[in-house]
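In what follows, a structure is listed as structure tokens, so that the remarks can point back to it.
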Amino acid sequence: MNEDVTLANNMNALLCLPIPMLAAQLGELLTQKQLRVTTAESCTGGQIATALCAAGDTPAFFGCGFVSFTDEAKSTLLQVKRETLARWTAVSEQTASEMVQGACAVSHEPVGIAVTGYAGPDGGEDGTPAGTVWFAWALPGQAPITALRHFAGDCESVIEQSVKYAIATLITLLNR
0 MNEDVTLANN MNALLCLPIP MLAAQLGELL TQKQLRVTTA ESCTGGQIAT
50 ALCAAGDTPA FFGCGFVSFT DEAKSTLLQV KRETLARWTA VSEQTASEMV
100 QGACAVSHEP VGIAVTGYAG PDGGEDGTPA GTVWFAWALP GQAPITALRH
150 FAGDCESVIE QSVKYAIATL ITLLNR
């Protein structure tokens, strides 16, 4: 079996786990690798940070997280360029990438997760539908890794799917 198929199978298995198990697994992996993570969340409203805080020995792998719902907060707290927000909007690959880079720079943590999207019930003024979510992950010595997902369901369901996807993908990336 090639590496891509193995990673896809692992990712599918991870997405079946409940969020507390994912958070615990991520915490153990980060601790083993002597790394700490920071979070930059918009549409998930701090739910990734909440999950990490509920895992055992949290201070060993998680120092701080940011919730930045408005463009102003993204710019002020996470160093997202106003030009990026004006040109690409808050729900874009460019913004997610700058969010994770800013969170890592401000927190001095080498690993980061960023999430920005429209959980619902409404989408964006530009016509972007609810359920559209951009993700970015930072790993030591690498450019940010980004992904776009379109989730179905109500607001709570989109948030839960986003939290699972963000954590499961970081576990997969750290295991490469």
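0 is the number of the first residue of the sequence shown in numbering that gives the first Met the number 0; add one for each residue after it.
The C-beta atom is built at its ideal place from N, Cα and C for all residues, glycine as well.
Just verifying my parser: in three-state terms, what is the DSSP assignment at residue i?
i: C42; result: coil
i: A118; result: coil
i: M0; result: Summary for M0: the model assigns pLDDT 48, below 50, so the residue's position carries little reliability, and this model does not support an answer.
i: L21; result: helix
i: G101; result: helix
i: K80; result: coil
i: K32; result: coil
i: L16; result: coil
i: Q141; result: coil
i: D70; result: helix
i: N11; result: helix
i: R86; result: helix
With a cut-off of 8 Å on the beta carbons, I'd call residue i and residue j a contact; round off their distance for me.
i: F150; j: A102; result: About 22 Å separates the two Cβ atoms, so there is no contact after all.
i: M10; j: A167; result: 6 Å
i: K32; j: L138; result: Not confirmed; about 10 Å, so no contact.
i: V110; j: R35; result: 7 Å
i: E92; j: W133; result: 6 Å
i: A129; j: A118; result: 7 Å
Among all the DSSP beta bridges, which residues are the ones paired with residue i?
i: A146; result: F134
i: A113; result: A39 and A135
i: G64; result: T38
Taking Cβ to Cβ, would you say residue i is nearer than 8 Å to residue j?
i: G116; j: T94; result: no
i: S161; j: C15; result: no
i: L77; j: L169; result: no
i: A89; j: K73; result: yes
i: T171; j: L13; result: yes
i: V114; j: A165; result: yes
i: A190; j: M98; result: As shown, the chain starts at 0 and ends at 175. That puts residue 190 outside it, with no answer to give.
i: S96; j: T145; result: yes
i: T30; j: E108; result: no
If contact is defined by three or more beta carbon pairs under 8 Å, each pair taking one atom from either stretch, is the region 52-63 in contact with the region 123-143? no
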